[in-house]
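If you use numbering that gives the first Met the number 0, the sequence shown corresponds to residues 0 to 340, in order.
Every residue gets a Cβ at the ideal spot worked out from N, C-alpha and C, and that includes glycine.
What follows is a single structure, written as structure tokens, with notes after it.
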Amino acid sequence: MLVCTRASPRQGRGEALHTRRVFAALVALAALLFLAGLAVGPAGFRNPLDPGSWDLVLRLRLLRGLLALGVGAALGAAGAFMQYSVSNPLASPSILGVSPGALAASVLVMLAWRGSPPLGAPLLAGMLGGFAAYAASAALAARLGFTRVGLVLAGVAVSSTLSGLSSLLVLLAEARLRLPASLMLLGSFAYATPETVYVALASSGAGLVAGLALARGLDAISYGDETASAMGYSPGQIRLAASLTSAALTSVCVYAAGIVGFVGLVAPNTARLLVGGHPRASLPASLLLGAATTLAADLAGRLTALALGLGEVPAGLVTSAVGGLFLAYMLLRGAAGGEEQ
Numbered sequence: 000m001l002v003c004t005r006a007s008p009r010q011g012r013g014e015a016l017h018t019r020r021v022f023a024a025l026v027a028l029a030a031l032l033f034l035a036g037l038a039v040g041p042a043g044f045r046n047p048l049d050p051g052s053w054d055l056v057l058r059l060r061l062l063r064g065l066l067a068l069g070v071g072a073a074l075g076a077a078g079a080f081m082q083y084s085v086s087n088p089l090a091s092p093s094i095l096g097v098s099p100g101a102l103a104a105s106v107l108v109m110l111a112w113r114g115s116p117p118l119g120a121p122l123l124a125g126m127l128g129g130f131a132a133y134a135a136s137a138a139l140a141a142r143l144g145f146t147r148v149g150l151v152l153a154g155v156a157v158s159s160t161l162s163g164l165s166s167l168l169v170l171l172a173e174a175r176l177r178l179p180a181s182l183m184l185l186g187s188f189a190y191a192t193p194e195t196v197y198v199a200l201a202s203s204g205a206g207l208v209a210g211l212a213l214a215r216g217l218d219a220i221s222y223g224d225e226t227a228s229a230m231g232y233s234p235g236q237i238r239l240a241a242s243l244t245s246a247a248l249t250s251v252c253v254y255a256a257g258i259v260g261f262v263g264l265v266a267p268n269t270a271r272l273l274v275g276g277h278p279r280a281s282l283p284a285s286l287l288l289g290a291a292t293t294l295a296a297d298l299a300g301r302l303t304a305l306a307l308g309l310g311e312v313p314a315g316l317v318t319s320a321v322g323g324l325f326l327a328y329m330l331l332r333g334a335a336g337g338e339e340q
């Protein structure tokens, strides 16, 4: 359970000051990583007075950094919504199959229209695929008793099945349409375009707005459904709205950059450690931490590629490696603490 506690007025003032400091530090960290990303690349940064240097930055690295920023922020918010909706810190869109479901549906539409689908069709199909994948995970988890680990096992089963399907569809897309679709499986910001940047930034903004709108309701259900009902909220409606928002945000991110896994697991849990469990603080913090995570992963991937002489190390490889270790830590901590399994 994700449980909040009420603070005294004096404690509340101290927590508010601490939260503002954490937010300032996270904004500074994201800005630093964004600026560092502008300076890193295989071509090197030439004379700032040379128009060619600015063209390189504005057309390539700036778009790439903005895409990483928007996708990370949206994934951080999506993970927080998912965890609050099911009251489970182990839940995340990638673990529950939303990401591979969205990718499979998007690529299927691309194949059906031979690479030239109607405007917005891959995005809409991805959202429907993400919703269907989450519904399948939730239904299977309900059969397992909806325990903490049961939900993860259900998600892994659905996610593995859909990952195999999406991999097959990606291979078909590369063979028949000659699209660089394999990077969608790994999650990369290398092919950022103005369209994907606009979509990612709009989704992160929508995530922030949704967080502000749902924060009080999520705060209420964190004390239990009976308490939330007594406060005038409908726990079922709040959970449904949060889970659908999470699936929608994740599906948009898959459309923009492919599968960048585990950001929705790491960012919300870290946010609660930094600012506490109240959604009004932890949701914006998750958004900022998600942005910092993807910016750092993209920067680490580029530095690794430069060091090893590779063309590209997708950010999704970095987040999956770190996120897998983080999930193992969460499972071990839950077992050591005697939590319900």
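Exercise. Sort L200, A266, R147 by Cα distance to L331 and report the nearest one.
Key: In the sequence shown, residue 331 corresponds to position 332, counting from 1. Per the Cα distances, R147.
Exercise. Report the three-state DSSP secondary structure of Y222 (helix, strand or coil).
Key: The residue labelled residue 222 in the question sits at position 223 within the sequence shown. Residue state, collapsed to three classes: coil.
Quiz item: What residues in its chain sit with their C-beta under 6 angstroms from that of R238, if we drop five residues either side in the sequence?
Solution: Position 239 of the sequence shown holds residue 238. Cβ neighbours of R238 beyond the five flanking positions: S84.
Exercise. Verify whether the separation of the beta carbon atoms of V108 and A131 is less than 7 angstroms.
Key: Here residue 108 refers to the residue found at position 109 of the sequence shown. Here residue 131 refers to the residue found at position 132 of the sequence shown. Against a cut-off of 7 angstroms, the Cβ pair of A131 and V108 comes out as no contact.
Quiz item: Do L68 and T195 have their C-beta atoms closer together than 7 angstroms?
Solution: Taking the sequence shown and counting its residues from 1, one reaches residue 68 at position 69. Taking the sequence shown and counting its residues from 1, one reaches residue 195 at position 196. Their beta carbons are not under 7 angstroms apart, which means L68 does not touch T195 by this criterion.
Self-check item: P92, DSSP secondary structure in three states
Solution: Walking along the sequence shown from the start, residue 92 turns up at place 93. It is coil, neither helix nor strand.
Quiz item: What is the DSSP secondary structure of H277, reduced to helix, strand or coil?
Solution: One-based indexing of the sequence shown puts residue 277 at position 278. It is coil, neither helix nor strand.
Quiz item: For the candidate residues A290, G275, A103, R175, whose alpha-carbon lies nearest to that of E14?
Solution: Position 15 of the sequence shown holds residue 14. Closest option to E14, Cα to Cα, is G275.
Quiz item: Once you ignore the five residues that flank E339 on each side, which residues in its own chain have a CB closer than 8 angstroms to its CB?
Solution: Working through the sequence shown from its first residue, we reach residue 339 at position 340. Only weak support exists for where E339 lies, its pLDDT of 48 falling under 50; the value from the coordinates is given anyway. Cβ within range, chain order: T146, R147.
Quiz prompt | Cβ contact (3+ pairs, closer than 8 angstroms) linking the stretch 260-273 and the stretch 77-91 | solution = yes
Quiz item: Do you know how far the Cα of R215 is from the Cα of S233?
Solution: Reading the sequence shown from its first residue, position 234 is the one you call residue 233. Reading the sequence shown from its first residue, position 216 is the one you call residue 215. Roughly 12 angstroms between the two C-alpha positions.
Practice problem: Kindly indicate the opening and closing residues of the alpha helix (DSSP H) around S162. | Solution: To locate residue 162, count along the sequence shown from 1; it is residue 163. Unbroken alpha helix (DSSP H) run through S162: 147-176.
Quiz item: So, helix, strand or coil for E14, using DSSP?
Solution: One-based indexing of the sequence shown puts residue 14 at position 15. In this structure, E14 counts as helix in the three-state DSSP scheme.
Quiz item: Does the beta-carbon of V26 have 16 or more other beta-carbons within 10 angstroms, so that it is buried, or is it exposed?
Solution: On the sequence shown, residue 26 is found 27 positions in, with the first residue counted as 1. The residue in question, V26, is exposed, as its Cβ has fewer than 16 Cβ neighbours within 10 Å.
Self-check item: For S84, the three-state DSSP class (helix, strand or coil)
Solution: Numbered from 1 along the sequence shown, position 85 holds the residue referred to as residue 84. The answer is helix: DSSP assigns S84 an H, G or I state.
Quiz prompt | Test item: CB-CB of V262 and T292 under 7 angstroms | solution = Counted from its first residue, the sequence shown places residue 262 at position 263. Counted from its first residue, the sequence shown places residue 292 at position 293. It is a contact, given that the beta carbons lie within the stated cut-off.
Quiz item: If you run the structure through DSSP and keep just helix, strand and coil, what is T318?
Solution: Position 319 of the sequence shown, counting from 1, holds the residue named residue 318. Here T318 sits in helix by DSSP.
Exercise. Determine the DSSP secondary structure at M230, reduced to helix, strand or coil.
Key: For the purposes of this step, residue 230 is identified with residue 231 of the sequence shown, where counting begins at 1. In the structure shown, M230 sits in coil (DSSP, three-state: anything other than H, G, I, E or B).
Quiz item: By DSSP, does Y197 sit in helix, in strand, or in coil?
Solution: Within the sequence shown, residue 197 is the residue found at index 198, counting from 1. Helix.
Exercise. Figure out for me which residue from L150, G128, L286 has the closest Cα to the Cα of L161.
Key: Taking the sequence shown and counting its residues from 1, the one referred to as residue 161 is at position 162. Minimum Cα distance to L161 is reached at G128.
Exercise. For the stretch 180-188 and the stretch 237-251, state whether three or more C-beta atom pairs, one from each stretch, are separated by less than 8 angstroms.
Key: no
Exercise. Count the other CB atoms, across all protein chains shown, that sit within 10 Å of the CB of L102; report buried if there are 16 or more and exposed otherwise.
Key: Within the sequence shown, the letter at position 103 stands for residue 102. Classification of L102: buried, given that the 10 Å Cβ count is 16 or more.
Quiz prompt | Limits of the alpha helix (DSSP H) - the one that S98 falls within | solution = Along the sequence shown, read from residue 1 onward, the residue named residue 98 stands at position 99. Unbroken alpha helix (DSSP H) run through S98: 97-111.
Practice problem: Mind reading off the beta-carbon distance from P99 to I258? Whole number of angstroms is fine, and I expect it under 8 angstroms. | Solution: Taking the sequence shown and counting its residues from 1, one reaches residue 99 at position 100. Taking the sequence shown and counting its residues from 1, one reaches residue 258 at position 259. That pair is a contact at about 7 angstroms.
Quiz item: Taking G289 as the reference, which of A306, L171, A314, Y133 has the closest Cα?
Solution: Along the sequence shown, one-based indexing puts residue 289 at 290. That would be A314, whose Cα lies nearest to the Cα of G289.
Quiz item: Do you know how far the Cα of L200 is from the Cα of G36?
Solution: Along the sequence shown, read from residue 1 onward, the residue named residue 36 stands at position 37. Along the sequence shown, read from residue 1 onward, the residue named residue 200 stands at position 201. Their backbone Cα atoms lie some 17 angstroms apart in a straight line.
Quiz item: Could you give the C-beta distance for L326 and G300, rounded to a whole number, given that I count them as a contact under 8 angstroms?
Solution: Taking the first residue of the sequence shown as 1, we reach residue 326 at position 327. Taking the first residue of the sequence shown as 1, we reach residue 300 at position 301. 20 angstroms between Cβ atoms; not a contact.
Practice problem: Within the same chain, show all residues whose beta-carbon is closer than 6 angstroms to that of G149, passing over the 5 residues directly before and after it, in chain order. | Solution: Working through the sequence shown from its first residue, we reach residue 149 at position 150. Excluding sequence neighbours, G149 sits near A140, L143.
Self-check item: Secondary structure of E339, DSSP reduced to three states
Solution: Residue numbering aside, residue 339 sits at position 340 when the sequence shown is read from its first letter. Bear in mind that a pLDDT of 48 at E339, under 50, signals an unreliable position, so the number given afterwards is only what the model happens to contain. It is coil, neither helix nor strand.
Quiz item: Does the Cβ-Cβ distance between G260 and S93 come in under 7 angstroms?
Solution: As a working note, residue 260 is residue 261 in the sequence shown. As a working note, residue 93 is residue 94 in the sequence shown. Going by C-beta atoms, G260 is nearer than 7 angstroms to S93.
Quiz item: What number of angstroms, rounded off, separates the C-alpha of L168 from the C-alpha of A227?
Solution: The residue you call residue 168 lines up with position 169 of the sequence shown. The residue you call residue 227 lines up with position 228 of the sequence shown. Approximately 44 angstroms, taken between the alpha carbons.
Quiz item: Looking only at C-alpha atoms, which of A120, L164, V151, G114 sits nearest to L95?
Solution: In the sequence shown, counting from the first residue as 1, residue 95 sits at position 96. The shortest C-alpha separation from L95 is found at V151.
Quiz prompt | Reduced DSSP category for T303 - H, G, I as helix; E, B as strand; rest coil | solution = Taking the sequence shown and counting its residues from 1, the one referred to as residue 303 is at position 304. T303: helix per DSSP, three-state reduction.
Quiz item: Any idea if T18 is buried or exposed, counting beta-carbon neighbours within 10 angstroms, 16 or more meaning buried?
Solution: By 1-based counting over the sequence shown, the position of residue 18 is 19. It counts as buried.
Quiz item: Is the Cβ-Cβ distance between G154 and S136 less than 7 angstroms?
Solution: As a working note, residue 154 is residue 155 in the sequence shown. As a working note, residue 136 is residue 137 in the sequence shown. Yes, the pair counts as a contact, with Cβ atoms nearer than the cut-off.
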